[in-house]
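J.: Numbering (UniProt numbering), first residue to last: 1 to 419. Where a beta carbon is used, it is the ideal one built from N, C-alpha and C, also for glycine. Here's a structure for you.
Laid out in structure tokens, this is it:
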């Protein structure tokens, strides 16, 4: 039997010069044969022998399947770094997450993770601010950042959105954001919203003595996105949001490279098209790693306790990877090296009653983001904002919510409403 040229079980990868891709594979063929087809299609191979394949090419650029886990149906493949263009996420995904998903012999395939050599990582800028920069700007330490999405998702005018933002800023919110559906609508023009919201933000800061931020959704074609981001900067804004799946990671990178001095908030809307099925697609962990490389400062990673998909083990693993030191801190300056850590955002189906469990699972180094669980408060959005803030305050003081609620009516009402 002809020995597959890519099957090199027991090979020890060179972590300085090779990318390690991990695939879960379900196939009509053996795991080894399926893995070989994947290795070939994602690199230098094709479906038949070809006269143009030189031994030199195979030796220098051929990937190596170095480990197969038969029971788990997992293959580990080492790819020479030379197969990939540095700084180009699109090219990476075209190779490792491209035609391999269309192979007929594959029933299900999941790209679970990629380990990158330092040379690949340092080709990307990473976040401009990261956790430390965001907290420094807001002057918030030792507690979660408390945020809110404007609700309804779409429908309010720019003036109504501004008035609502002012109300919930005044009542304890640090961060307010557009919904991912809202960009430049006929009933709520982007420039009108930016101009009016920023004016009211200054008033809220003056009256509360606390720094506030608004996250404007600039999602759109690259030229439109850049124009909107510059508009946010022009009016004194600090944070822009991109729907990173719909827009593309390369557009995150494009905006990051403009060096506008803006925090980039990454929304993951649509990720479940390819991350939800554990047997197929790509993991949210890998998407998060790529988003960090491309310059996302804060990223929706899951809530565990809310309405969105994501178990505690998965979300905590992602959040750890977002904060992980990928290759060291400069000991002389104490600054993070090239790839700064990303601030995880917990958003989706949260209300005040969920806060203690959320922080217990994910820790305090997150944005706790409330939407319906704030605006749906029986006494309105102002009371909802106070209830959310009270829930965070009680949790940080290690006081049970039921006890804290006895002297805080907004929290009491929220706990009664969302039992």
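(1) For chain B, is any of its Cβ atoms less than 9 Å away from the one on residue 268?
(2) Is there contact between the segment 170 to 186 and the segment 204 to 223, where contact requires at least three CB pairs shorter than 8 Å?
(3) Which residue spans inside the segment 281 to 315 form an unbroken beta strand (DSSP E) run of at least 3?
(4) Using a Cβ distance threshold of 8 Å, determine whether the segment 229 to 238 contacts the segment 270 to 290, with at least three qualifying pairs required.
(5) Going by alpha carbons, who is nearest to residue 130 out of 113, 382 and 344?
(6) Can you tell me the Cα-Cα spacing of residue 164 and residue 370, whole angstroms?
(7) Would DSSP call residue 187 helix, strand or coil?
(8) On a CA-only basis, which of 404, 419 and 74 is nearest residue 113? Give me that one, please.
(9) Report all residues from its chain with a CB closer than 6 Å to the CB of residue 394; omit the five preceding and five following residues, and keep chain order.
(10) In the DSSP assignment, find the beta strand (DSSP E) that holds residue 64 and state where it starts and stops.
(11) In chain order, which continuous runs of the beta strand (DSSP E) of length 3 or greater are located wholly inside the segment 207 to 231?
(12) Kindly indicate the opening and closing residues of the beta strand (DSSP E) around residue 80.
(13) Hey, how far is the Cα of residue 329 from the Cα of residue 412?
(14) For the segment 87 to 98 and the segment 256 to 265, state whether three or more C-beta atom pairs, one from each stretch, are separated by less than 8 Å.
(15) Find the nearest neighbour of residue 269 within the set 59, 295 and 241, judged by alpha-carbon distance.
(16) To the nearest angstrom, how far is the alpha carbon of residue 22 from that of residue 194?
(17) Give me the residue from 320, 417 and 407 with the minimum Cα distance to residue 353.
(18) Restricting to Cα atoms, I'd like to know which of 231, 228, 302 and 221 is closest to residue 251.
(19) Hey, how far is the Cα of residue 390 from the Cα of residue 176?
(20) Evaluate residue 42 with the Cβ neighbour count: other Cβ atoms within 10 Å of its Cβ, from every protein chain shown; 16 or more gives buried, anything less gives exposed.
(21) Cutting at 8 Å between CB atoms, please list the residues of its own chain near residue 379, excluding the five before and the five after it.
(22) Does the beta-carbon of residue 293 have 16 or more other beta-carbons within 10 angstroms, so that it is buried, or is it exposed?
(23) For residue 240, which residues does DSSP report across the bridge?
(24) Return the residue from the list 179, 265, 320 and 99 that minimises the CA-CA distance to residue 348.
(25) With respect to the alpha helix (DSSP H) encompassing residue 58, which residues constitute its N-terminal and C-terminal limits?
(26) Please classify residue 47 as buried or exposed, where buried requires at least 16 neighbouring CB atoms within 10 angstroms.
(27) Do the segment 149 to 157 and the segment 309 to 326 meet, that is, are 3 or more Cβ pairs less than 8 Å apart?
(28) Buried or exposed for residue 139, going by 16 or more other Cβ atoms inside 10 Å?
(29) Here's the rule: buried if 16 or more other CB atoms are within 10 angstroms of the residue's CB, otherwise exposed. What is residue 99?
(30) From residue 341 to residue 300, what distance separates their C-alpha atoms?
(31) How is residue 33 classed by DSSP in three states: helix, strand or coil?
(32) Helix, strand or coil: which one does DSSP assign to residue 166?
(33) Going by the DSSP bridge assignment, what does residue 110 pair with across the sheet?
(34) What three-state label does DSSP hand residue 390 in the structure shown?
(35) Run the CB neighbour count on residue 273, radius 10 Å, all protein chains shown included, and call it buried at 16 or more, exposed below.
(36) Skipping 5 residues on each side, what residues in its chain have a beta carbon closer than 8 Å to that of residue 26?
T.: In brief:
(1) Note that chain B does not occur in the displayed structure, where there is just one protein chain.
(2) Cβ pair count under 8 Å is three or more, so yes.
(3) Those beta strand (DSSP E) runs which fall completely within the segment 281 to 315 and span 3+ residues are 298 to 300.
(4) Look at the beta carbons and you see the segment 229 to 238 not touching the segment 270 to 290: under three pairs across the two are nearer than 8 Å.
(5) To locate residue 130, count along the chain shown from 1; it is residue 130. Of the candidates 113, 382 and 344, 344 places its Cα closest to the Cα of residue 130.
(6) Translated into positions along the chain shown, residue 164 becomes position 164. Translated into positions along the chain shown, residue 370 becomes position 370. Answer to the nearest angstrom: the Cα atoms are 14 Å apart.
(7) Numbered from its first residue, the chain shown carries residue 187 at position 187. Three-state DSSP puts residue 187 in coil, outside helix and strand.
(8) Taking the first residue of the chain shown as 1, we reach residue 113 at position 113. The shortest C-alpha separation from residue 113 is found at 74.
(9) Walking along the chain shown from the start, residue 394 turns up at place 394. Closer than 6 Å at the Cβ level, and outside the excluded window around residue 394, lie 401 and 404.
(10) On the chain shown, residue 64 is found 64 positions in, with the first residue counted as 1. Per DSSP, residue 64 belongs to the beta strand (DSSP E) from 64 to 69.
(11) Here the runs fully enclosed are 213 to 217.
(12) Numbered from 1 along the chain shown, position 80 holds the residue referred to as residue 80. Here the beta strand (DSSP E) through residue 80 covers 74 to 80.
(13) For this step, residue 329 is matched to residue 329 along the chain shown. For this step, residue 412 is matched to residue 412 along the chain shown. Caution applies to residue 329, whose pLDDT of 48 falls short of 50 and renders its modelled position unreliable; the value that the coordinates give is listed next. Going by the C-alpha atoms only, they are around 45 Å apart.
(14) Counting Cβ pairs under 8 Å, fewer than three are found: no touch.
(15) What you label residue 269 is simply residue 269 of the chain shown in a count that begins at 1. For residue 269, the closest alpha carbon among the candidates 59, 295 and 241 is that of 241.
(16) As a position in the chain shown, residue 22 is number 22, starting the count at 1. As a position in the chain shown, residue 194 is number 194, starting the count at 1. One alpha carbon belongs to residue 22, the other to residue 194, and they sit about 43 Å apart.
(17) For this step, residue 353 is matched to residue 353 along the chain shown. Taking only the C-alpha atoms, the option nearest residue 353 is 417.
(18) In the chain shown, residue 251 corresponds to position 251, counting from 1. Nearest option by C-alpha distance: 221.
(19) Within the chain shown, numbered from 1, the residue matching residue 390 stands at position 390. Within the chain shown, numbered from 1, the residue matching residue 176 stands at position 176. Those two C-alpha atoms are separated by around 17 Å.
(20) Residue numbering aside, residue 42 sits at position 42 when the chain shown is read from its first letter. Looking at its Cβ environment, which holds 16 or more other Cβ atoms inside 10 Å, residue 42 is buried.
(21) Here residue 379 corresponds to residue number 379 of the chain shown, with the count starting at 1. Counting only residues of its own chain and dropping the five nearest sequence neighbours on each side, residue 379 has a CB closer than 8 Å to the CB of 410 and 413.
(22) Translated into the one-based positions of the chain shown, residue 293 becomes position 293. Residue environment: residue 293 is assigned as buried (16 or more neighbouring CB atoms within 10 Å of its CB, all protein chains considered).
(23) Taking the first residue of the chain shown as position 1, residue 240 is located at position 240. In DSSP, residue 240 forms a bridge with 216 and 264.
(24) As a working note, residue 348 is residue 348 in the chain shown. It is 179 whose Cα lies nearest to the Cα of residue 348.
(25) For this step, residue 58 is matched to residue 58 along the chain shown. Start and end: 55 to 61.
(26) Start at 1 with the first residue of the chain shown, and residue 47 comes out as number 47. A residue is called buried when at least 16 other Cβ atoms come within 10 angstroms of its Cβ; residue 47 does not meet this threshold and is exposed.
(27) Counting Cβ pairs under 8 Å, fewer than three are found: no touch.
(28) Within the chain shown, the letter at position 139 stands for residue 139. With fewer than 16 other Cβ atoms from the protein chains shown falling within 10 Å of its own Cβ, residue 139 counts as exposed.
(29) Position 99 of the chain shown, counted from the first residue, corresponds to residue 99. So residue 99 counts as exposed.
(30) Numbered from its first residue, the chain shown carries residue 341 at position 341. Numbered from its first residue, the chain shown carries residue 300 at position 300. Going from the Cα of residue 341 to the Cα of residue 300 covers about 14 Å.
(31) Residue numbering aside, residue 33 sits at position 33 when the chain shown is read from its first letter. Residue 33 falls in the helix class under three-state DSSP.
(32) Taking the chain shown and counting its residues from 1, the one referred to as residue 166 is at position 166. Helix, per DSSP.
(33) On the chain shown, position 110 is the one that residue 110 refers to. The secondary-structure analysis by DSSP pairs residue 110 across a beta bridge with 24 and 281.
(34) Translated into positions along the chain shown, residue 390 becomes position 390. Reduced to three states, the DSSP call for residue 390 is helix.
(35) Locating residue 273 in the chain shown gives position 273, counting from the first residue. Residue environment for residue 273: exposed (fewer than 16 other C-beta atoms within 10 angstroms of its C-beta).
(36) Counted from its first residue, the chain shown places residue 26 at position 26. Once the five neighbours on either side are set aside, the close Cβ partners of residue 26 are 73, 106, 107, 108, 109 and 279.
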